[in-house]
Each structure stands twice: as C-alpha cells, then as structure tokens.
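Protein chains: 4
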Amino acid sequence: MTTVASPIDRSAQSADALCAVGAEFHRRGWSLGTSSNYSLVTSRTPFRLLITASGMDKSSLTRADFVTLDEHGQQIDNHDDRAKPSAEAMLHVATARRPGVGAVLHTHSVWATTLSDLYHADGALFIEGYEMLKGLNGIKTHDHRERLEIIDNTQDIRTLAQKLTRRFDANDPALTYGFLLHKHGLYAWGRDLAEARRHIEIFEFLFEVIGRTLMLKGARTR
Amino acid sequence: MTTVASPIDRSAQSADALCAVGAEFHRRGWSLGTSSNYSLVTSRTPFRLLITASGMDKSSLTRADFVTLDEHGQQIDNHDDRAKPSAEAMLHVATARRPGVGAVLHTHSVWATTLSDLYHADGALFIEGYEMLKGLNGIKTHDHRERLEIIDNTQDIRTLAQKLTRRFDANDPALTYGFLLHKHGLYAWGRDLAEARRHIEIFEFLFEVIGRTLMLKGARTR
Amino acid sequence: MTTVASPIDRSAQSADALCAVGAEFHRRGWSLGTSSNYSLVTSRTPFRLLITASGMDKSSLTRADFVTLDEHGQQIDNHDDRAKPSAEAMLHVATARRPGVGAVLHTHSVWATTLSDLYHADGALFIEGYEMLKGLNGIKTHDHRERLEIIDNTQDIRTLAQKLTRRFDANDPALTYGFLLHKHGLYAWGRDLAEARRHIEIFEFLFEVIGRTLMLKGARTR
Amino acid sequence: MTTVASPIDRSAQSADALCAVGAEFHRRGWSLGTSSNYSLVTSRTPFRLLITASGMDKSSLTRADFVTLDEHGQQIDNHDDRAKPSAEAMLHVATARRPGVGAVLHTHSVWATTLSDLYHADGALFIEGYEMLKGLNGIKTHDHRERLEIIDNTQDIRTLAQKLTRRFDANDPALTYGFLLHKHGLYAWGRDLAEARRHIEIFEFLFEVIGRTLMLKGARTR
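Residue numbers (the numbering used here), protein chains in the order written: chain A, 25 to 246; chain B, 25 to 246; chain C, 25 to 246; chain D, 25 to 246.
Shown next as structure tokens:
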C-alpha cells in the first residue's frame with residue numbers, strides 16, 4: 025500500500041524543500057537582499073504552483089512565506105495581507121506550465137549579473153566544450169555548445185511572460201534549461217527541484233569558469 | 025493584551041541581535057580585525073543608541089560589549105573600564121538621530137575598501153541599471169542610478185559628524201542609504217536592523233559586481 | 025589481540041569516509057552538479073575498489089551510492105538498478121591497481137578547469153618554487169618543479185584507461201601525483217584517503233596561486 | 025583567592041586554543057595541506073613554547089599534535105615517535121623569545137603567497153593609508169605606511185633563525201608585526217593568541233585589498 029500525501033502535506037513539504045534551497049542559495053551568495061524566487065508545481069491538474077512571496081529574505085524562509093498560484097498566476101490560497109506574489113511570479117507560471125517542468129529557480133549571483141552585462145550585445149552567452157555541461161539533463165558529451173539567451177531586463181513582466189509563453193509553445197530550442205536577464209540574474213528549471221537546483225549549480229560553476237578564463241586569457245596574451 | 029518589553033529586556037534583545045550580525049558579518053569578511061561598529065536605536069524619546077564598544081572582535085560579541093549613548097554621544101550606561109564607545113560612534117549618533125533611521129551598520133569589506141580607493145577622485149561611486157538596486161527601500165525599478173558618496177577618511181571624527189549632521193538636516197539626497205569612507209569602509213542604515221542589514225548586503229553584492237565587471241571589460245576589449 | 029574488521033564493516037567505513045569527503049568537497053566548490061568520483065581500495069588480494077556510483081549529488085552521499093569493482097572494472101557487489109559505475113570508473117581502476125595507491129579522488133574545480141584550458145597548448149601545467157609543494161608526498165624542498173600533465177578530454181574512457189595503464193606500468197614520472205583533463209578537472213591519488221585528500225587540497229591551492237599571480241603580473245607590468 | 029592553573033592544565037588549554045585556530049584557519053584557506061605552525065609561550069621562566077608538531081593536518085588538530093620546546097628549540101616533553109617539531113619551529117622560538125611576544129602564527133594563504141612573489145624584487149610589501157591598519161597594536165591612524173619585509177625562502181632554517189635573532193636583538197623596526205617568506209607565507213605575532221590571530225586576519229584582509237586594487241587599477245587605466 026502506498027501512502028498518498030494530502031495536498032496540504034504536499035504543499036508543506038514543498039515549502040520546506042524551498043526553504044532549504046533559500047538558506048543554501050543565500051549562503052552561496054546567489055539570493056541576497058530580497059532577490060530570487062523559487063517555485064514548485066504541486067499539482068498538474070488543476071495546475072498549482074507554490075512560489076515564494078514577494079520581498080522575503082531568502083536566508084530565513086518559513087512556510088508562511090509562500091503563495092499558491094493557478095495557471096493564470098492568480099493567487100488561490102487563503103492569503104493574508106503579508107504574503108503576495110511578486111510581479112516576476114508570472115515568469116515562473118509561464119515556465120512551469122510547460123510539460124516536463126516541475127520546478128523553477130531564479131537567482132541573482134555576481135557572476136550571472138556580470139556576464140549578462142558583458143555579453144549583452146551578443147544576445148547570448150555561449151558555453152562550449154566543458155565536461156560540466158554533462159550535468160545538464162540530456163547532454164551526453166562535453167563536445168557540446170550551449171546557448172544561454174540574455175533577455176533585456178524590464179519591469180513589464182506580463183509582456184515578457186507572454187513572449188516567453190509563445191516561445192515555449194513553439195518549443196524554442198534556445199530555452200531548454202534557462203535564460204539570463206540583463207544585469208538581473210538567471211532563470212533555470214528542471215523536472216523536479218533536485219534537477220533545477222543542479223542546473224543552477226552547473227550554470228553558476230560555468231559562469232565563474234568563463235569569467236576567470238576571460239581574465240586569464242587577457243593576462244596571458246598581454 | 026500586548027506584552028511591553030522593559031527597557032532592560034529591549035536593550036538585551038537588541039544586543040543579542042547585533043551579536044548575531046557580528047558573527048555573520050565576520051564570517052562574510054566584512055568585519056575583520058577590530059573593525060566595524062553596529063548600532064540600534066532602543067528609544068526615540070529620550071534618544072538612546074545601543075552601540076558596539078571600541079575595539080571588540082566582532083566574531084564573538086557578548087552583551088557586555090555594548091554601550092548606550094544619548095543624542096550628544098555621551099555614554100549613559102553604568103559603564104566599567106572595559107566598554108567605551110569608539111570615536112566613530114559619533115557618526116552613528118549623527119545618522120541615527122535622523123527621523124526614520126532605526127539601525128546603522130558600518131562594515132569594512134575588501135570590495136568596499138577597494139572601490140572607495142578606485143573611484144576616490146570621482147568623489148562617488150555610481151551604481152546604475154541593476155535589478156538588485158530594487159532591494160534598497162523605495163527603489164521600484166532597475167532603471168535607476170544610485171550615487172554613493174566617497175568621503176575622505178579622517179581621525180577627526182567629531183568634525184566629520186558635524187558636517188554629516190548639517191547635510192542630514194538639509195535632507196541631502198546623496199545620503200539616502202549610506203556612504204563610503206576612503207580606504208576605510210561602508211556606512212549604511214535602515215528603518216530597522218533587518219533593513220540596514222539588507223542594505224549592507226545589497227551594496228556589498230553590487231560592489232563585487234562592479235569590480236568584476238570592470239576587470240572583465242578590460243579583459244574583453246584588450 | 026587486534027580486532028580485524030570484516031569486509032562488510034570495512035566497506036561501510038570506507039563509504040562513510042568518502043561521504044564525508046563528498047560533503048566537504050561540494051562545500052568547497054570542487055564537486056558540483058553530478059561531477060567527481062571518489063574511490064578507495066578496500067582489498068588488494070583480490071583487488072576490490074569501492075567507488076561512487078554514476079550521477080550522484082556529492083553533497084549528500086549515502087552508503088547506497090557506491091559500487092564495488094574488481095581489477096577489470098566489473099561491478100561485483102549485489103547491485104540494484106540504481107547504483108551503476110560511471111564510465112570514468114575505469115580511470116580509477118587503472119590508477120588504483122598501481123602499487124602504493126590506496127585512494128583516487130577526481131574533482132572539478134573552477135581553477136582546475138580554467139588552468140587546464142589556459143595551458144592546454146603546452147600539454148602541462150608547471151608548478152615551481154612554492155613551499156606548499158612540500159605537502160606532496162616525497163618532496164623535501166620548495167626548490168622543485170612539478171609537471172602536471174594536461175590530457176585531452178574524451179568520452180572514450182576505455183581507451184584513455186588503457187593508455188594510462190601502459191604509462192603507469194612503465195612508471196612514467198609525469199604521473200606521480202595526478203593529472204588534469206582538459207576543461208574537465210583533476211585526478212589525484214595517495215597511499216590512503218588522507219594523503220589523496222591532501223594532494224587535492226595542495227593542487228587546488230597552487231592552482232589559485234598560479235591563476236591570481238598570472239593576473240597580477242599582467243596588471244603590474246602594464 | 026586566585027586559582028592558579030597547573031602547568032599541565034595550562035598546556036592543555038593552550039593546545040585547545042591552538043586547535044581552534046587551526047580549524048578556523050583551515051576553513052579560511054590559510055593553513056591547507058600540512059602547511060602552517062602555531063605556537064604559544066606557556067612559561068617565560070623557564071622559557072617554554074608549545075608548538076604544533078611537524079606535518080599535522082590543521083583542520084583536525086588534537087592535544088597529541090603538539091610539542092614543547094625550550095629556548096634553544098630542544099624538545100623537552102616526553103615525546104613519542106610521532107610528534108616531532110618541524111624545522112621551522114626554530115623561527116617560532118627566535119620570535120617568541122622576544123619580550124612582549126606571547127604567540128606566533130605562521131600561515132600559507134593564496135594572497136600572501138601571490139604578493140610575496142609579486143613584490144619579491146622590492147624586498148618588501150608596503151601597506152599605506154588603510155583604516156584597517158589601526159587594528160595592528162599601537163597604530164593610531166590610517167595615515168601610516170607599514171613595511172612588511174619579504175625574506176627569501178630557504179630550507180636552511182637554522183641560519184635564517186640566527187639572522188632573525190640578531191635583528192630582533194637589535195630591535196629592527198622592520199620586524200614589528202610579522203614578515204613574509206617568498207612563495208611561502210606569513211609570520212605574524214602578538215602579545216597573546218588573540219592579538220596574533222587579529223594581526224593575521226588584518227594582514228590577510230589587506231593582502232586581498234592590495235591584490236584586487238592592483239588588478240582594478242590596471243583595468244581602469246587601460
């Protein structure tokens with residue numbers, strides 16, 4: 025006999041898992057200030073997304089710091105005045121509605137912010153030939169070139185979410201694992217929270233490698 | 025019925041909160057040696073400021089490592105020989121007397137010290153276009169340019185405190201969130217300790233982004 | 025009377041020791057994503073190598089996340105479907121079969137990845153004149169030049185393992201402590217786990233020194 | 025009535041304090057591999073110096089990992105085969121015999137190693153104008169220039185110890201707080217362990233500031 029968790033248990037467990045991610049990502053410098061949002065699909069039919077509320081300190085999240093949204097981004101929990109979704113929640117909804125996406129993590133690291141600016145004119149950051157790429161789900165060889173798009177930052181999140189939805193619906197291959205927002209941060213996702221966290225970790229590692237390599241190649245050929 | 029904390033309880037709780045900030049900031053490399061001071065307004069009328077005593081190791085503060093000052097910076101607690109305010113306490117008093125300031129944090133990080141020197145001739149560090157700026161209280165868009173003043177370092181703290189007081193009284197917009205002292209460190213404040221800590225965290229993040237971006241742009245255009 | 029640990033106890037203790045290495049190396053940024061493998065010789069006759077299974081998160085290894093291989097790299101434990109050796113396990117077997125090798129650690133750090141690319145055309149990284157080199161077993165003076173080979177990365181691990189075996193059998197002096205794989209990471213080993221861990225730690229320290237020195241020498245002579 | 029600690033208690037307490045320093049300095053990256061030695065004067069008359077034994081992992085020191093030396097560097101404890109003083113212990117003895125020195129700490133950090141090489145031709149590293157300098161005992165203003173000598177590394181420690189002793193006896197002002205060994209590391213000391221640890225922490229902070237400033241000034245003027 026399998027024990028089936030009730031929706032309430034499931035939501036509480038999901039919140040606890042995201043609290044742990046928050047404490048870890050804050051410690052690693054990826055979720056400082058009130059930056060970052062994390063979300064988990066807790067039900068597919070009907071669509072339910074548990075997501076961090078707006079403006080929370082990610083180093084000390086509690087179960088009260090989350091809201092539940094439907095497929096239109098409407099808050100459907102019995103909410104009090106304190107916990108509201110942030111505007112960026114719509115980007116999580118747009119992403120998590122895709123088949124095969126179970127968790128979406130948004131982070132603001134030093135290296136992501138820096139590289140999103142340095143390669144902004146190119147429209148994308150290219151990551152090529154690293155063994156670490158094999159940690160992204162489905163990549164089987166280091167002999168791979170990953171294109172991570174850099175999207176202009178905006179406060180008009182609704183329009184951006186609509187654009188992303190159209191591209192997701194068209195299965196745009198540029199949006200397989202994540203994207204960068206210019207001078208803002210990284211969005212990455214996965215089938216479940218463990219995979220989304222791993223994808224964040226891998227991109228952060230590769231950002232630092234690319235940043236340091238660029239500085240050293242400058243130093244060496246000078 | 026609301027339980028009202030006694031002034032002694034309030035002071036002890038405030039000291040405990042600042043001890044925790046000290047342990048965290050030392051770990052993050054922002055309060056090494058005997059550097060840094062932290063203060064909290066424990067009463068507005070009469071004005072009472074709880075502040076770290078001079079020369080304490082911030083990694084292991086205890087309740088005995090604080091003094092209480094009045095609005096003139098005079099020590100009003102029953103002090104022993106050990107705990108004395110540092111000269112810089114006057115900068116905390118001058119800042120905390122402002123309406124709306126509940127906590128003042130002063131830190132000495134590598135990046136703050138480095139950028140305060142690099143941009144010293146400009147008189148200020150400009151931070152522009154970063155999403156992380158929205159973590160500063162009142163900033164609603166990344167499309168913002170924050171001017172963080174760089175003030176010459178001095179051992180004549182009394183004179184500097186008087187200058188700051190005049191500028192605070194005139195509501196100088198350059199002194200909204202904090203300032204840098206040249207080759208010395210950062211002062212930042214907030215309505216309460218959580219906001220002051222968040223402002224420090226956000227500035228430190230942005231300092232590192234600016235530093236690394238500058239190095240990388242040099243590397244890229246070489 | 026000496027208490028002899030049973031093979032099962034020995035294997036469990038070895039797994040616990042490698043779990044601790046995983047937690048530490050993940051925290052230090054050397055084993056992110058699903059990267060890295062760690063192995064320990066648990067028996068010399070017959071040859072038995074305990075090694076991390078493929079694709080595990082190194083921050084939270086458990087005893088179930090290991091497999092045992094024989095001298096041909098064949099899995100000899102009662103394995104379930106979940107724990108399989110990774111392709112790279114053959115490099116561990118080839119290395120650990122050498123006399124005097126008791127533990128092999130493979131890590132993917134930012135500095136190892138970066139320097140493996142920067143010095144790829146040279147075929148090796150040279151480390152010379154550092155006191156820290158004396159932490160490598162057998163080096164008695166800082167006046168030493170260590171050559172750490174950089175081998176092309178490949179997904180054909182079996183062929184690479186055969187090449188390494190031939191070089192080990194010929195006692196190639198270039199393969200005394202470890203080697204780098206291009207844009208991939210570091211292999212290092214030792215008589216026992218403590219020595220292998222120390223060798224990793226020393227190489228990682230020296231990589232960072234070399235990287236920063238190179239950047240600073242560029243800055244200074246500009 | 026004052027409780028006087030017995031010599032054995034004193035030695036055990038001193039060892040415990042140095043074990044804690046080792047765990048902290050390893051975590052901060054200043055005592056990796058088998059590098060570093062720490063010593064404390066446990067008696068002035070007769071002179072007794074407790075010091076880490078040769079080759080110990082500083083992340084997990086125990087009371088058994090120390091030896092006691094007399095003013096000639098002779099081991100005077102009932103030693104077993106395992107715990108022997110390292111050759112460099114003579115530098116600790118030479119330093120600790122000076123009046124006013126109660127603790128000597130030797131560390132190997134990335135920044136100390138890097139700057140000791142970068143400024144080797146100058147014979148010294150100059151540190152000027154930083155507020156953090158005031159954490160060094162006796163410095164009252166940031167308007168100070170500290171000269172930290174860079175001494176050639178050698179395996180002939182006995183000769184180096186003799187040279188240092190002559191300079192200490194002559195009260196050489198260049199040896200007030202510490203010195204660097206080329207491509208090797210930092211020696212610093214203080215009246216007691218807390219002061220020596222603080223001096224190490226302050227130098228390490230300033231090394232990083234100097235290193236990053238040098239890189240950024242290069243980037244800015246390019």
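By construction, the Cβ of each residue, glycine as well, lies at the ideal position given by its N, Cα and C atoms.
Name the chain F residues whose beta carbon is nearer than 7 Å to that of residue i?
i, result
"M80/C", "Absent from the structure: chain F. Protein chains present are A, B, C and D."
Under a CB-based cut-off of 8 Å, is residue i close to chain D?
i, result
"H130/B", "no"
"M114/B", "no"
"E95/C", "no"
"Y143/C", "no"
"R236/C", "yes"
"V45/C", "no"
Run through DSSP, which three-state label would residue i get?
i, result
"V117/A", "helix"
"G57/B", "coil"
"V72/A", "Strictly speaking, residue 72/A in this sequence is Arg, with Val absent from that position. In this structure, R72/A counts as strand in the three-state DSSP scheme."
"T237/A", "helix"
"Q99/D", "strand"
"M25/B", "Residue confidence for M25/B is low, a pLDDT of 43 falling below 50, so the modelled location carries little weight; the figure read from the coordinates is stated next. It is coil, neither helix nor strand."
"L85/B", "coil"
"D33/D", "helix"
"R221/A", "helix"
"R52/B", "coil"
Does the beta carbon of residue i sit closer than 8 Å to a beta carbon anywhere in chain C?
i, result
"A243/A", "yes"
"G147/D", "no"
"L85/D", "no"
"G153/A", "yes"
"L23/D", "Only positions 25 to 246 of chain D appear in the structure, and residue 23/D is not among them; the question remains open."
"D33/A", "no"
At the 8 Å Cβ level, is residue i part of the contact set with chain A, yes or no?
i, result
"M239/C", "yes"
"T76/B", "no"
"G159/B", "yes"
"T138/C", "yes"
"F229/B", "yes"
"V117/B", "no"
Can a CB atom of chain B be found closer than 8 Å to the CB of residue i?
i, result
"H50/D", "no"
"T92/A", "no"
"P134/D", "The displayed chain sequence assigns Val, not Pro, to residue 134/D. No - not a single Cβ of chain B is within 8 Å of the one on V134/D."
"V125/D", "no"
Sort out for me which residues DSSP pairs residue i with in a bridge.
i, result
"A127/B", "L64/B and G214/B"
"F231/C", "F231/C is not bridged to any residue."
"A77/C", "P109/C"
"L205/B", "I175/B and G209/B"
"L42/D", "In the DSSP output, where bridge partners are listed per residue, L42/D has none listed."
"F90/C", "T76/C"
Taking only beta carbons into account, state which residues of the segment 200–227 of chain A come closer than 9 Å to chain B, listed in chain order. Contacts with chain B (Cβ-Cβ distance below 9 Å) from the segment 200–227 of chain A involve L205, H206, K207, H208 and G209, listed in chain order.
Of all the residues that make up the segment 58–69 of chain A, which are near chain B by a beta-carbon distance shorter than 8 Å? Close to chain B, meaning a Cβ-Cβ distance shorter than 8 Å, are the following residues of the segment 58–69 of chain A: T58 and S59.
For the segment 133–192 of chain C, list the beta strand (DSSP E) runs that are entirely contained and at least 3 residues long, ordered along the chain. Counting whole runs of 3 or more residues, the segment 133–192 of chain C contains the beta strand (DSSP E) stretches 148–152 and 169–175.
Mind checking the segment 161–188 of chain D against chain B and listing, in chain order, the residues whose C-beta falls within less than 9 Å of any C-beta there? Cβ contacts with chain B come from K164, T165, H166 and D167.
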